[in-house]
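Chains as they are written, first to last, in our numbering: chain A, -11 to 518; chain B, 31 to 180.
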């Protein structure tokens, strides 16, 4: 086992060093490698980033706050009063070993939705020494950890918001969305609720459910981006990350925009913290300078650099789709399906959906049916995948899968985002295949929809409902099969690569047993004893 | 740099009712050599540290200590008590007591020496040698050898 430790005591001349010595001796006796940073009066020789990166676990033997605690974010951690390290150093090492062992399952078990589970528990043998990994594989592992952290914080928002919206459709019908947000439904124009005190009058209790649900949903991308940045750069990443996510929503960049924004925000904060400022402003770096500068840069980036191209691309796609009207209906359905699943509520999805609503307004009910059917496929396909092959998914993903049935049935395509954000390269193409199948079949069957929303709850407004359901089922099967296949292809490759397998496996979701795979530190904080 | 410890700072027959008396007794030795300029002030600093978190550690060790403005140079006083004095360790009283006095400003060299002293205290062999020491000079030699390597 490789360990790093920080020791610190109030005066910094005695216990700090005794604890360090005791830990070093005990580690030597037990055959572990340890590097100790003594944060004492004689000045600390900081642990190098390499030492921290290579460590399986972190020991804090401290009676005062650890300086630079965020350097250790994501490592299995044991924290005790400094004296425990002096009198019980061997026991402390055993606890660190235990923390390493528990790191993977603890991710899922610590708190529902709070601690991410990157992967199903790996066999004990998968806990390979981290120093055997190539740096590329290690980066892959980190990337996955960061994204999983964001996803794990996002899932409760998806579940709560999505289910509330689904309930709103169940009780209020498809028109509830228009009643709340305004719009035209079956020839009736709703003004939308501008004064929330009139919400119940205008939209009823279903409208209340819808409003609450869509408010929770509006936090989905900000939370994803914020907590990806948080996983990378600790607390300082949160502000630029969340603001990037809010702006990604505002510019219609969807969850892919949030994913990129969160990663960029985290990287930016990490880069800023590398800068060693003059002493005069060092104190205000973490509270003022870094949040200010990182948020400003990310905001400009999202609004100016990313925002306008996305809007332009959406305009281009819309024009292009408009030009396709009248061509082969089945191809159009397949294309709309691809677009619906491409970014699951992002800009491309929005173009397809808006195209469907526009067609509905101009009297073409088939396009709307294809769009809605295709949009229902991704969450259901993911839910099915988690049931058929639970081992391919982490604990938090399996939980998300339970809610995804209902979300998919309610045409809440965003229900698949947790899975896509965790593993976009495998999940998105698979879902696109499924949605394209459904879109094409729905068009081929000539199914129609008079509702722009509501999923299965508005089945009464669907023409040829039996065939419509068949189209959805076919797409779900295709999507789930592709997801399962894609996840296993990745794994097979891993098995083939003998060297570096540990790192790739971790990147791939099989390496949760390695200490570094912990997204949140499993902190064992013992009360300071007098 | 003068010696961290001299035979005058060693009391192999420490008699004190509690840890505050121990601190007073050992600090007086440093004060009479001029290393502690204000005995009461220094003792208050030691006491403040002791109240933050008792300094006793398992294995019969007490380490009252402070970085204090009333200290001129890093110094160590050592007391050995037959009956032991409670320093708040979980396993009972301490029979080996080190009073560590560090100047508030303390340059890094001095503090590094104190750090290596602290590291030696963890070793059972060092403690045993201190328990076996027959006279103050033996304690001084032991510290110089183990901590300063001379």
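The beta-carbon is built from N, C-alpha and C at its ideal position, and this holds for glycine as well.
Neighbourhood of residue 169 of chain B in chain A, by CB distance below 8 Å: empty, with the nearest CB roughly 18 Å away. Residue 350 of chain A counts as exposed, since fewer than 16 other beta carbons sit within 10 angstroms of its beta carbon.
Residue pairing by DSSP leaves residue 195 of chain A without any beta bridge partner. Of the candidates B:152, B:74, B:120, B:112, the residue whose Cα lies closest to the Cα of residue 45 of chain B is B:112. Contact with chain B is found for residue 74 of chain A, since one of that chain's Cβ atoms lies less than 8 Å from the residue's Cβ.
Chain A places a beta carbon closer than 8 Å to that of residue 149 of chain B, counting this residue as a contact. Nearest neighbour of residue 430 of chain A by Cα position, chosen from A:181, A:323, A:372, turns out to be A:323. In this structure the stretch 419 to 426 of chain A touches the stretch 452 to 466 of chain A; the number of beta carbon pairs closer than 8 Å is three or more. When DSSP assignments are scanned along the stretch 270 to 304 of chain A, the uninterrupted stretches of alpha helix (DSSP H) that are 4 or more residues long and fall wholly within it turn out to be 278 to 288. For chain A, the residues of the stretch 74 to 98 of chain B that bring a beta carbon within less than 8 Å of one of its beta carbons are 79, 82, 83, 84, 85, 87, 88, 89, 93, 95, 96, 97, in chain order. Spanning the alpha carbons of residue 163 of chain A and residue 173 of chain A requires a straight line of approximately 6 Å.
According to the DSSP secondary-structure assignment, residue 95 of chain B is paired through a beta bridge with B:130. Per DSSP, the unbroken alpha helix (DSSP H) holding residue 231 of chain A starts and ends at 223 to 238. Shown here for residue 416 of chain A: same chain residues with a beta carbon closer than 6 Å to its own, the five before and five after excluded, namely 408 in chain order. Secondary structure of residue 65 of chain A (DSSP, three-state): strand. Proximity of residue 130 of chain B to chain A, defined by a Cβ-Cβ separation below 8 Å, is satisfied.
Taking a beta-carbon distance threshold of 8 Å, residue 142 of chain B counts as an interface residue toward chain A. In this structure, the alpha-carbon of residue 234 of chain A lies about 11 Å from that of residue 250 of chain A. Straight across, the Cα-Cα distance linking residue 33 of chain A with residue 224 of chain A is about 24 Å. For residue -1 of chain A, the chain B residues whose Cβ falls inside 7 Å of its Cβ are 79, 95, 96, 97, in order along the chain. Within the same chain, 59, 62, 63, 166 come within 8 Å of residue 38 of chain B by CB-CB distance, once the 5 residues on both sides are set aside. A buried status is given to residue 134 of chain A, since no fewer than 16 other beta-carbon atoms sit within 10 Å of its beta-carbon.
A straight-line Cα-Cα distance of about 34 Å links residue 273 of chain A and residue 95 of chain B.
In terms of Cβ geometry, residue 344 of chain A and residue 355 of chain A form a close pair [threshold 8 Å].
Contacts with chain B (Cβ-Cβ distance below 9 Å) from the stretch 364 to 398 of chain A involve no residue at all. In this structure, DSSP gives residue 40 of chain A a helical state, which the three-state scheme calls helix. At a cut-off of 8 Å between beta carbons, residue 112 of chain B makes no contact with chain A. With respect to residue 66 of chain A, residue 83 of chain A sits close: the two C-beta atoms are nearer than 8 Å.
Closer than 8 Å to the CB of residue 25 of chain A there is not a single CB belonging to chain B.
Interface flag for residue 67 of chain B against chain A is unset, since no Cβ pair is found closer than 8 Å.
Contact between residue 357 of chain A and residue 456 of chain A holds: their C-beta atoms lie close to 6 Å from each other, under 8 Å. Residue range 176 to 178 is occupied by the beta strand (DSSP E) that includes residue 178 of chain A.
Taking 8 Å as the threshold, the shortest C-beta distance from residue 53 of chain A to chain B does not fall below it.
For the stretch 381 to 446 of chain A, the full-length alpha helix (DSSP H) segments reaching 4 residues or more read 383 to 397, 405 to 410, 412 to 433 along the chain. Under the 8 Å criterion on CB atoms, residue 159 of chain B is classed as non-interfacial with respect to chain A. One alpha carbon belongs to residue 148 of chain A, the other to residue 418 of chain A, and they sit about 26 Å apart.
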